[in-house]
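Chemist: Please read through the structure below; I'll follow up with questions.
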Amino acid sequence: MWTPIETDSLPFIPRRWRLILSIILIGMALVLAGYSVLALSDLIGLCSPDFRPRQGISLKPFLNPAFPDHLPWVEYRSSNPYYLYLLGAMLLFGAGVFLSNDMPSHRKSPIPWKAEIILALLVFLVAVFFRFYLSDRFPYGLHYDESTNAMIGNDFLDEWKPGAQARIHDIQDQISSKDDEIQALMNGGMTDDDPEVIRLKTERQQIRRQLEDVQVPVFTPQGFGKATMHMYQIALAMKWFGSSIFSIRLPTMIAGVLGVIALYLLLRLLCDVPAALLGAMFLAAMRWHVNFSRVAYDAIEAPFIITITAFFFFLAYQHRDLTRTPDPEEGEVPLTCRWIGFYWLKWVVITAPVWLLSGYCFGLSIYSYKPLYLFPGFLGVFLIIRFIIQRQMLRWNLIGFCLFGIAAYFCAREMLEFRREHPEVFSERLNMVSILNFSEPWKNNWGRIWDNLLVSYRMFHIRGDINPRHNFPYAPMTHPILGALFPLGMAWALVRWRTRLGLFSLGWFSAMLLPMVLSIEAPNVLRSICIIPVICLWSAIALRQFGLCFLVLAEDWLPGRKWLSGTLAGIGWAFTLFLAVVFWRGEYQLFFRDQLPKPEPYLHYDAKFVDMARFVNDQKGNFYAVSDANGHNSLKLLNKPGIWKNHLFLQQELPAQGDEDIDALYIIMEPWNRPDKRRWLEWLYGPEVQGKDEKDPFGAKIFSWFRIPADIKMKHRGFSLEVADASGEQEAKILPTIPSLSFDPGDMGLSSSLVLKGKAMWVIPEGRQGIQRFRLETPDRFTLWIDGKVVLDATGTSEAIEVEKDLLAGAHQVEFTLVRSGATGRTQVLYHSPGNPSFEDFGGEQFHDRGMLPDGLRMSWWFGSRRWQTRPDYVWVDPVINYRWNPPYKFPFSFRWEGYLNCPISGNYVIGTEAWDYALVEIDGNKVVESPNQRDQKNRYITGTMELSQGRHKIRVLYSDDIGGGEALRLYWTVPGRGREIIPEEALSY
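Taking the numbering used here, I'd label the letters of the sequence shown as residues 21 to 1010.
Printed below as a string of structure tokens:
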């Protein structure tokens, strides 16, 4: 037995008047809500007066929601507009309750199948348009999470290469062999503590790690831990269409379109065709859903998985809704053998596969976005409640539930096994973003939950997500049409909670709102993305109920005039089409005209790296590229392999290297366009090569670039040469650069009595530092200095001289002098560095004829915290201390700068630092400034004063970054009588 819901809730008021009252309440609610929103600003208007006295305000927001451009979305709790909005929302909800009570829930509104196909195709095309239109241009760039997903997918392509599967099987056989050996030892009486068993287990674990490197996992710890289903999809798209922004985002665009189709199927199954078309119409262009359909996040798959699982589940689910009075004329169907046989044939052929398909889709939820981990919980609660109110449900669907569970388990078992073996990796991201993870009293957490509930409530109509990647900052998440309709739909769901759709949608909305309510970043619409279909579903139901309201009123007032039903239905469809155009146009305007083409999304999507990749792809000829930003995934994905020199410091690729037919392209990225990088390039290759700037679509500089032609590169490779008469009577003359110190002055057409001087900057690459062996053969007097210290000194002898010197990786100043007094022959300097098999000419691509910068401070770098007393890992010269680091620098690291500070006048100097972590400045051995290594002092300006006389003073600067994500270190001074400035290059020397 089952009991119908009482529809005559107010018997003393006729139904027609209750429906009219509901319509009046809805109108009042919309007026109050619109008034409260419009009252936030006096800047909106088209000079057309509305219902408010002395206000030149129009209803533009309801027709074109581009108005957030002018609307200052501010906090306005405890203000009159806020209370008016609350009152409007309560009236809207109350009207929805009245309307839902009086509407016949079982009434269907069929339309011709041809019209349904045409309208469904139109909605499908709109969904495709909103997701594929300008997909290679908007959103700008590739966010770091997108590029990380794509890089993981790119790595997965290796599994599909020939030989990869054979390698996997070979490693699996090795693991099986180790298992057999361990089992044999255990059967022989050994225990887990025996050394031989421990050794075999260690070897087995090492082999398993090799398997993890070769085999594609179901979960990756990269990006704070992610399931890899979405990365497989990206890998497949890149395999078919190449590595591009379109192919990287193609899986999410397809998932967005499939989500629209799934919602259409679900509403058509549980409601009727008009509701299905309305729900798909709203979801097809809903800005919230469209935004995440156009970025390569796995989040957009989550609402699709819930919707398609629900469709297959309810398609197979045997039920009876409790909102309709049974027809007494409906008799019992006799259970004949023929009927029973047909029923089981249909069940085996159709229903059972649908149950399996539903379970498989349900199992996919564990491979997708983490909020789907709540899906089993709310589905279980739904089934428990249905069982309580309808005990026959279990008997009707017992076999189906078993099939559902079996399919779900076999789909999810790999991830469940991973969860069992790696529980900490699986939940790492959840612990980072949940407010419940903080070690604070529960009272404070409950306060945060309440605040997040309020924030979540108002994000639909008042103030949405601030993140430019998620939303037009601060704009409400729903279009005004949806904002007015979905509270009515929520009221319908509460009234009709005994129905499948009502109960399921309430559980869906409540469960999937939890990730945002428990988040530290509310409102974060990415974490609440799963509620989007519910909003569209409720809005569709509300609009359908609103249309039925007018049909019922017409039938009550004008009984017997059935021809009016067709006329009213036509008017209703025309009005719906008008709403669709308004809704689609409004979402298009706000998304494509106001949200996407703005500087904020450009910045937040890391578009500057994509522009850099496109710039590199547009370059012609043979070249290689160097930049401090070359570790970004966008460059690895969009540029051809091998074009980037992968170094953490741009200086490690100075001077320009490579063969004599290849150019060098140096790119200095903003905001890391430090003056020292540009200064070095201008010092080494200017004025022959001038730097040029590239700008973003908004006119801001994003990077500077220097392309060093191969002939200029080769022209400066080696040692500068200056010749003078031995008597000193003639002026010195500049000669062409020589590639190495193996030469004969006679072959250069020089006299037998001369003085040759030369210099070069020598950059020792990492891995070649250490003991350098030098070998000299010369008939002349020859002296070689490195960093101002004599290394080789010969007076002219036939015997070779060999010496050793310990040198660090980095830049060194090399100078030499050759004095010839009538001798003839060849001077040859050879060197042998660690890693080289034999001696070679002292010259090559690590040498540049300009030498070191004459001014600046000598810099030493270490990988590690506060390692200033140990041997440096790299040395250089910085013209100024004006650093801003960017990934992929390794942390922690330490720096030391040493040299002299040249004071122009005597007086009281103010020395200041702007440091991300610990910094210390000493002048003449006295501490002047010290920045503590505290996380709350990042980039805080700290000063110290010192009385300094005119002239040179010894200066030392120490810096250590233990925090990571290093931002900046800048060294300032305030000269007496002047303003604050970065200490300039001319005031520093070494």
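Positions of the beta carbon are idealized from the N, C-alpha and C atoms, including for glycine.
With burial defined as no fewer than 16 other Cβ atoms inside 10 Å of the residue's Cβ, what is the status of K390: buried or exposed?
Modeler: Buried is the call here.
Chemist: Nearest to L534 by alpha carbon, out of L403, R613, Y393 and R157?
Modeler: Taking only the C-alpha atoms, the option nearest L534 is Y393.
Chemist: Please report how far the alpha carbon of F612 lies from the alpha carbon of K618, in whole angstroms.
Modeler: Looking at the two C-alpha atoms, the distance is approximately 10 Å.
Chemist: Grouping DSSP H, G and I as helix and E and B as strand, with all else coil, what is F929?
Modeler: Looking at the sequence itself, residue 929 is Tyr, so the reference to Phe does not match. It is a strand residue.
Chemist: Starting from L4, follow its DSSP beta bridges and name the residues at the other end.
Modeler: Examination of residue 4 is not possible in this model, given that the chain is present from 21 through 1010 alone.
Chemist: Name the DSSP bridge partner or partners of S388?
Modeler: According to DSSP, S388 bridges with nothing at all.
Chemist: According to DSSP, is G590 helix, strand or coil?
Modeler: Three-state result, G590: helix.
Chemist: Indicate the three-state DSSP secondary structure (helix, strand or coil) for R224 in the structure shown.
Modeler: In this structure, R224 counts as helix in the three-state DSSP scheme.
Chemist: List the whole-angstrom C-beta distance separating A170 from I268, where the pair is believed to meet the contact cut-off of C-beta under 8 Å.
Modeler: The pair is a contact, with the Cβ atoms about 5 Å apart (cut-off 8 Å).
Chemist: G964: which of I931, A939, A988 and R976 sits nearest, CA to CA?
Modeler: When only C-alpha atoms are compared, the closest one is I931.
Chemist: Pick out whichever of K259, Y644, P1004 and F570 has its Cα sitting closest to the Cα of P899.
Modeler: Minimum Cα distance to P899 is reached at P1004.
Chemist: For L286, collect the residues of the same chain with a Cβ closer than 6 Å to its Cβ; drop the 5 residues on either side in sequence, then sort them by chain order.
Modeler: Taken in chain order, the residues that qualify are T327, A330 and F331.
Chemist: With which residues is T329 paired in a DSSP beta bridge?
Modeler: In DSSP, T329 forms no bridge with anything.
Chemist: Could you tell me whether the Cβ atoms of F629 and A649 are closer together than 9 Å?
Modeler: Closer than 9 Å, so yes.
Chemist: How should T890 be labelled, buried or exposed, when 16 other C-beta atoms within 10 angstroms of its C-beta is the threshold for buried?
Modeler: Looking at its Cβ environment, which holds fewer than 16 other Cβ atoms inside 10 Å, T890 is exposed.
Chemist: Can you tell me whether DSSP reads N207 as helix, strand or coil?
Modeler: Reduced to three states, the DSSP call for N207 is helix.
Chemist: Taking K660 as the reference, give the member of V636, D681, G678 and Q677 with the closest Cα.
Modeler: The shortest C-alpha separation from K660 is found at V636.
Chemist: How is the alpha helix (DSSP H) around Y705 delimited, first residue to last?
Modeler: Run containing Y705: P695 to Y705, per the alpha helix (DSSP H) assignment.
Chemist: Identify every run of the beta strand (DSSP E) within the segment 869–909, keeping only runs that are complete inside it and at least 3 residues long; order them along the chain.
Modeler: If we require 3 residues or more, the beta strand (DSSP E) runs fully inside the segment 869–909 come out as 877–883 and 894–898.
Chemist: Quick check: what's the CA-CA separation for G161 versus F794?
Modeler: Distance between the alpha carbons of G161 and F794: 51 Å.
Chemist: Thinking C-alpha only, which one of Q833, E797, I821 and S197 is nearest K809?
Modeler: The candidate whose alpha carbon is nearest that of K809 is Q833.
Chemist: Tell me which same chain residues have a C-beta within less than 6 Å of the C-beta of R998, skipping the five on either side of it?
Modeler: Hits under 6 Å: none found.
Chemist: Going by the DSSP bridge assignment, what does I188 pair with across the sheet?
Modeler: Partner(s): none; I188 has no beta bridge.
Chemist: Does the segment 475–486 come close enough to the segment 533–548 that 3 or more CB-CB pairs lie under 8 Å?
Modeler: The segment 533–548 is in contact with the segment 475–486.
Chemist: Could you spell out the range, first to last residue, of the beta strand (DSSP E) harbouring K660?
Modeler: Looking at the DSSP string, K660 is not in any beta strand (DSSP E), and its letter there is neither H nor E.
Chemist: In this structure, how does DSSP classify L761 when only helix, strand and coil are distinguished?
Modeler: Of the three classes helix, strand and coil, the one that applies to L761 here is coil, per DSSP.
Chemist: Have a look at L770 and P799 and give me their C-alpha separation to the nearest angstrom.
Modeler: For L770 and P799, the distance between alpha carbons rounds to 15 Å.
Chemist: Quick one: Cα of D631 to Cα of D716, how far?
Modeler: Approximately 8 Å between the Cα atoms of the pair.
Chemist: Classify Y317: buried if its beta carbon has 16 or more other beta carbons within 10 angstroms, exposed otherwise.
Modeler: Y317 comes out buried.
Chemist: Between the Cα of P729 and the Cα atoms of G641, F739, E437 and I758, which residue gives the shortest distance?
Modeler: The shortest C-alpha separation from P729 is found at G641.
Chemist: When you compare only the Cα positions, how much space is there between S951 and Y979?
Modeler: Between S951 and Y979, the C-alpha separation is close to 9 Å.
Chemist: Check whether the Cβ atoms of W725 and D713 lie closer than 9 Å to each other.
Modeler: Contact: yes.
Chemist: Residues in its own chain within less than 6 Å of G830 by CB, not counting five upstream and five downstream?
Modeler: Result list for G830: Y894, V895 and W896, in chain order.
Chemist: Tell me whether the segment 913–921 and the segment 869–883 touch, counting them as touching only if at least three CB pairs, one residue from each stretch, are closer than 8 Å.
Modeler: Contact between the segment 913–921 and the segment 869–883 is present, because at least three Cβ pairs lie under 8 Å.
Chemist: Assign L774 to one of three DSSP states: helix, strand, or coil.
Modeler: Three-state result, L774: strand.
Chemist: Can you tell me where the beta strand (DSSP E) holding L674 begins and where it ends?
Modeler: Note, L674: premise wrong, no beta strand (DSSP E); not H, not E.
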